[in-house]
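Worksheet for the structure shown next.
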Amino acid sequence: MGATGLRTSTFDGSGQAMDSTGGQALPPAGGAAPSATGSLPPVNPTQAQVYSLIGGPEEAGSAGLVGTGRQSQTRPFSGRVNAVRRVSANGGQGGALGNDVFDGETTYDAPLGLRVGTFTVVPQLTVSGGWSDNAAGSSSGRASALYSVAPDLQIRSDWSRHQLDVSLRGSYAAYPGSSVRSEPSIEARAALRLDAGDSTQINSALGHSYSREDTSTAENPNGEGDVNVVNASLGVTREAGILAATLRGDVARTMYSEGQSGTDRSGRDNTLYSATLRLDARTGAILQPFAEVTALRRSFDEDCAAPCIRRDASGYALRSGVTIAAGPKLAGEVAAGWRVERLDSRQLQDLAGLTIDGSLVWSPTRLTTVTAGLTTTLSPSDLAGSSGSILYSADLRVSHALSERLVAQAGAGYARRHYQGVGIEEATASALAGATYALTRNVALTGTYTYRTFDSSIPGADYDENRIQAGVRIRR
């Protein structure tokens, strides 16, 4: 086991590492654009692509900057850049995102990874300490010191064909001297791509996430309980000329565990099954249209006997949009549509609404990158009189390389949730500012400031939080 190669990077003013020959060392995570014949390209990494692994898992859309869970940890800036690279590269030759687009990472300590058989392994560990003026994230929360440990492991195959990516990301935050519960979170994902021919790909994925549920929300006013989500997908993409068709099946299971009070929350446990057909017009133009139709079925674990309301539902989603391939400096995907979940019981109205989703990356200079994301999420609810909620999340982030050692970033996010049938509204606004300084080839100093404000139509649920953290990041 050893490093995959010698690190001889220099800073050329672009914010990117250069190899010893002066060529760019960072081809896109998604590989090259398809050929003129329309065949799907292999996207297996070379040693030079190892650096992009640390940004995974890829982030499409938005979680509202700091998300809606108790953990205020933001996703890596490079996650969205890598996701958009893959989308634009697969969309045709209208201009994939350039290899030299800055992805928000310091290049001086760019990880080489470890070679294990036919895999490249990139480990990372961040340890930090800090302070929050509202550690519980609630209307009655108090100030507390805090510390967090965040391990990260990315694995990618080095096969000549096919590709396997594995991502393990976790964090543990605790508040010494405070009654606030610790905040563990785990996110694991494996994705396998099989190249079945020049124009056919089979993609599968399996994931699991665990976190504390956000406090002060309408469904979790006491801030107790955990959320486990397990999801799996299997899809086939086939290209014929300028048309690409994708047929995909997804399963997502959500489980809620009881809190310290022993309150049973399993009544919300449910499984969502869906089948999606997507058609892409890969014309090679700057704007390439696509259309998507989904059939879905949501099933709850617990049987419902009178007088309760049965919340199992069937529905559909329609979506249409464009892939933006105005590379090498602008790329992404934007879509709008309509989604409906009709409950088996007609005592409640349908859970339905407009959906808007998108991810954009713009690089005005070789040292600066701006990203934007928007996501719509429909979720069931066990609140009396409500069929569920619609959550719109958006964020805008910018990162700038001051040198190969020093990177700064800032961002703002907003998320708004509406519970249908009961008129409850919840909004979360957030902002962050941070910097990373690479001390050595393996060690960097990190510092972040995060602000979050939660506003609810339920009296007494509003709160604000300021959080400051500084730490050390180690990666190989």
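So the mapping is simple: the working numbering equals the position in the sequence shown, first residue as 1, plus 874.
Every residue, glycine too, gets a C-beta built ideally from N, C-alpha and C.
Just to confirm my understanding: we take R1412, look at its own chain, exclude 5 residues before and 5 after, and list those with CB closer than 6 Å. What are they? Lying before the first or after the last residue shown, residue 1412 is absent from the chain, which here runs from 875 to 1350.
Beta-carbon within less than 7 Å of R1083's beta-carbon, same chain only, minus the 5 sequence neighbours each way: which residues are those? What sits at residue 1083 in the sequence shown is Ser, not Arg. Closer than 7 Å at the Cβ level, and outside the excluded window around S1083, lie I1060, E1061 and V1103.
Under 8 Å: do the segment 1213–1227 and the segment 1237–1245 share three or more Cβ pairs, one atom per stretch? no
Check whether V1296 and L1265 have beta carbons under 7 Å apart: no
N1316 - DSSP class collapsed to helix/strand/coil: coil
Considering only residues of the same chain and omitting the five flanking positions on each side of I1183, which have a CB-CB separation below 7 Å? S1219, Q1221 and L1222
Would you mind stating whether S1267 and A1282 have Cβ atoms separated by less than 7 Å? no
Ignoring anything shorter than 3 residues, give me the beta strand (DSSP E) runs that lie fully in the segment 1246–1334, in order along the chain. 1262–1275, 1280–1294, 1298–1312 and 1317–1330
Can you say whether T1197 is buried or exposed, counting buried as having 16 or more other CB atoms within 10 angstroms of its CB? buried
I'd like the list of long-range same chain contacts for A1301, defined as Cβ closer than 6 Å, with 5 residues on each side in sequence excluded. R1290 and D1329
Would you be able to state if there are at least three C-beta pairs under 8 Å between the segment 1332–1346 and the segment 994–1002? yes
Could you tell me the alpha carbon to alpha carbon distance between L1153 and S1012, rounded to whole angstroms? 45 Å
On the premise that A1149 lies in contact with A1118, defined as a C-beta separation below 8 Å, what is that separation, rounded to the nearest angstrom? Between A1149 and A1118 the Cβ distance is about 18 Å, and since that is not below 8 Å, they are no contact.
Determine, using beta-carbon pairs with one atom in the segment 1112–1132 and one in the segment 1153–1165, whether at least three such pairs fall under 8 Å. yes
Using a 10 Å radius around the Cβ and a threshold of 16 neighbouring Cβ atoms, would you call V1317 buried or exposed? exposed
At 3 residues or longer, and completely inside the segment 948–1014: list those beta strand (DSSP E) runs for me, N to C. 988–990 and 993–1006
Could you give the DSSP three-state label for G1030: helix, strand or coil? Note that residue 1030 is Arg in the sequence shown here, rather than Gly. In this structure, R1030 counts as strand in the three-state DSSP scheme.
Proximal residues to V1023 (C-beta, below 6 Å), its chain only, five neighbours per side dropped: V1001 and Y1046
On the CB-based measure, 16 or more other CB atoms within 10 Å of its CB, does L986 come out buried or exposed? buried
Just how far apart, CA to CA, sit R1086 and D1072? 44 Å
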